[in-house]
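Down below is the structure, laid out as structure tokens.
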Amino acid sequence: MNSNGLGIHVVLTGAPGCGKGTQARLLKERVAIPHLSTGEMLRAEVQTGSALGLEIKALIDDGNLVPDEMIIKMLEKRIDEDDCKNGFILDGFPRTLPQAEVLDKMLEKKGITLDAVIEIQVPDEIIMERILGRYACMKCGHGYHDKHQKPKVYGVCDECGATEFYRRIDDNRNTVQNRLVNYRALTYPTIPYFEKKGLLRCVDGTGSIEAVSNKIDSLFAVA
Numbered sequence: 003m004n005s006n007g008l009g010i011h012v013v014l015t016g017a018p019g020c021g022k023g024t025q026a027r028l029l030k031e032r033v034a035i036p037h038l039s040t041g042e043m044l045r046a047e048v049q050t051g052s053a054l055g056l057e058i059k060a061l062i063d064d065g066n067l068v069p070d071e072m073i074i075k076m077l078e079k080r081i082d083e084d085d086c087k088n089g090f091i092l093d094g095f096p097r098t099l100p101q102a103e104v105l106d107k108m109l110e111k112k113g114i115t116l117d118a119v120i121e122i123q124v125p126d127e128i129i130m131e132r133i134l135g136r137y138a139c140m141k142c143g144h145g146y147h148d149k150h151q152k153p154k155v156y157g158v159c160d161e162c163g164a165t166e167f168y169r170r171i172d173d174n175r176n177t178v179q180n181r182l183v184n185y186r187a188l189t190y191p192t193i194p195y196f197e198k199k200g201l202l203r204c205v206d207g208t209g210s211i212e213a214v215s216n217k218i219d220s221l222f223a224v225a
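In terms of our numbering, the sequence shown is residues 3 to 225.
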């Protein structure tokens with residue numbers, strides 16, 4: 003946590019399916035700052051059925067990246083909201099080196115300094131198993147997994163009691179392989195970039211959700 007007591011500004015990064023979204027949501031609960039998922043922002047736009055949403059949907063369905071300008075506009079507007087004044091957890095951004103550089107400039111303009119960029123490291127074969135097995139509640143969006151995170155009562159959401167679930171259309175083997183290729187080509191170069199700035203922290207993401215969460219907590223001395 004910052005020495006000024008104003009919370010934390012952190013980026014969670016790693017390959018698709020490494021668990022950064024899950025860990026971001028858990029960290030959000032413990033430190034009481036917003037979890038900013040660019041993926042969720044983009045999917046919300048898709049659900050509107052707008053021209054922009056249809057364009058984004060086509061890109062996501064093929065496992066491709068959404069253009070920087072779309073994401074940056076959404077993110078800058080979100081960071082300006084009141085609930086981000088004491089910090090935020092960025093999940094899914096930056097995905098490219100140019101995005102990392104633009105993020106730096108945007109935050110500098112706002113007088114915000116990142117505390118850390120946490121890379122959650124998981125082998126490809128585990129990532130594939132995780133992504134192909136995940137699904138979510140249709141009503142509240144709470145996430146589950148065929149093997150690792152089943153509802154307490156079969157077919158009933160733990161959070162809201164709904165009984166309808168869905169799997170993301172891009173959670174298929176071909177698209178995941180494409181996303182991993184994109185990650186190595188486009189996103190991985192951000193890792194040495196943040197390492198040179200002294201911000202990079204690496205966490206082994208192969209353990210249980212709780213074990214990974216504890217490792218992240220230790221970076222910030224979160225009680």
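From the three backbone atoms N, C-alpha and C, an ideal C-beta is built for every residue, glycine too.
Local conformation of residue i per DSSP, three classes
{"i": "Ile114", "result": "coil"}
{"i": "Thr189", "result": "helix"}
{"i": "Val183", "result": "helix"}
{"i": "Phe95", "result": "coil"}
{"i": "Ser5", "result": "In this predicted model, Ser5 has a pLDDT of only 35, less than 50, meaning its place in the structure is not dependable; the value taken from the coordinates is given anyway. Looking at Ser5 - three-state DSSP - the assignment turns out to be coil, as it is neither helix nor strand."}
{"i": "Leu14", "result": "strand"}
{"i": "Gly145", "result": "strand"}
{"i": "Ala138", "result": "strand"}
{"i": "Val214", "result": "helix"}
Alpha-carbon to alpha-carbon, residue j and residue i
{"i": "Val178", "j": "Gly94", "result": "15 Å"}
{"i": "Cys139", "j": "Ala164", "result": "7 Å"}
{"i": "Thr208", "j": "Glu131", "result": "12 Å"}
{"i": "Asp148", "j": "Phe167", "result": "12 Å"}
{"i": "Ile10", "j": "Val158", "result": "35 Å"}
Cβ-Cβ distance between residue i and residue j below 8 Å
{"i": "Leu202", "j": "Glu121", "result": "yes"}
{"i": "Ile91", "j": "Ala26", "result": "yes"}
{"i": "Val183", "j": "Ala17", "result": "no"}
{"i": "Ile73", "j": "Thr50", "result": "no"}
{"i": "Leu77", "j": "Val68", "result": "no"}
{"i": "Ala181", "j": "Gly65", "result": "In the sequence on display, residue 181 carries Arg and not Ala. In this structure, Gly65 lies closer than 8 Å to Arg181 by Cβ."}
{"i": "Ala118", "j": "Leu221", "result": "yes"}
Neighbour flag for residue i against chain D, beta carbons, 8 Å
{"i": "Pro69", "result": "Included in the structure is just one protein chain, with no chain D present."}
ask   = Are three or more beta carbon pairs between the segment 147-162 and the segment 94-110 nearer than 8 Å?
value = no
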